[in-house]
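One rule links them: number in this note's numbering = place in the sequence shown (from 1) + 5. All C-beta atoms in this analysis are idealised placements derived from N, C-alpha and C, irrespective of residue type, glycine included. All values derive from a computational prediction rather than experimental measurement. Reviewing the structure listed below.
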Amino acid sequence: MSAIVLASTQQLASAADNVSAGAIVQSIELPVPSLRMDPAMALEYVGVYDLSNGDTLKIVKRGMLFYASLGTDEVRHRLVTAGKSTFVSVDKQLKIHLERDDKGVASGEVFIAVGANGLPVMASLRR
Numbered sequence: 006m007s008a009i010v011l012a013s014t015q016q017l018a019s020a021a022d023n024v025s026a027g028a029i030v031q032s033i034e035l036p037v038p039s040l041r042m043d044p045a046m047a048l049e050y051v052g053v054y055d056l057s058n059g060d061t062l063k064i065v066k067r068g069m070l071f072y073a074s075l076g077t078d079e080v081r082h083r084l085v086t087a088g089k090s091t092f093v094s095v096d097k098q099l100k101i102h103l104e105r106d107d108k109g110v111a112s113g114e115v116f117i118a119v120g121a122n123g124l125p126v127m128a129s130l131r132r
């Protein structure tokens, strides 16, 4: 019995590492009407972020567009602005919220509609 309790406790601790304290996003909606992405603000967030689930999130700029990719996945998800410091992918697979602290360190959270295990994932991120 204690082995079962220990396994359950470990699973809960592991799940807690990947879930934000806020409400879990159920779906990703594109902004209507489309919001204009401020290029200067968005450039602040270009880079690679460590996720709490052990993966990485990379945000890049290609021409006038911004894209995000996860880990070693070659799939690039085109990003649009969904609000202040919030971006969603056009394919509705990612929702990213980023903020900078007084020292310029970016942190936030990312909601992944379909994670590696086929389930939605909410992970905190930090650069």
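For residue i, which of the options has the nearest alpha-carbon?
i, options, result
"L70", "R105, N58, E49 and P44", "P44"
"R83", "N122, A47 and K108", "A47"
"G113", "K89, T77 and G76", "K89"
Identify, in the order they occur along the chain, each residue of the same chain with its Cβ nearer than 8 Å to the Cβ of residue i, setting aside the five sequence neighbours on each side.
i, result
"S3", "The first residue shown for the chain is 6 and the last is 132, placing residue 3 beyond what the model contains."
"V95", "L35, H82, R83, L84 and V85"
"E49", "R105 and A111"
Roughly how many angstroms separate the alpha carbons of residue i and residue j, rounded to a whole number?
i, j, result
"L183", "V37", "Examination of residue 183 is not possible in this model, given that the chain is present from 6 through 132 alone."
"V119", "G59", "16 Å"
"V93", "I33", "7 Å"
"L40", "K100", "15 Å"
"L124", "K108", "35 Å"
"A87", "A121", "25 Å"
"L56", "M42", "24 Å"
"Y72", "H102", "14 Å"
"Y54", "G76", "10 Å"
Rounded C-beta distance between residue i and residue j? I'm assuming under 8 Å.
i, j, result
"G68", "R132", "About 23 Å separates the two Cβ atoms, so there is no contact after all."
Using a Cβ-Cβ cut-off of 6 Å (strictly less than) and excluding sequence neighbours within five positions of residue i, which residues of its own chain qualify?
i, result
"A26", "The predicted position of A26 is uncertain, since its pLDDT is 38 and thus under 50; a value taken from the coordinates is nonetheless stated next. Nothing listed; no residue qualifies."
"K97", "I33"
"T91", "H102"
Residues in its own chain within less than 7 Å of residue i by CB, not counting five upstream and five downstream?
i, result
"D78", "none"
Restricting to runs no shorter than 3 residues, where is the beta strand (DSSP E) found entirely within the stretch 99–128?
99–105 and 111–117
Quick check for students: name the residue ranges of the beta strand (DSSP E) that lie wholly in the stretch 26–77, counting only runs of 3 or more.
52–56, 61–67 and 70–75
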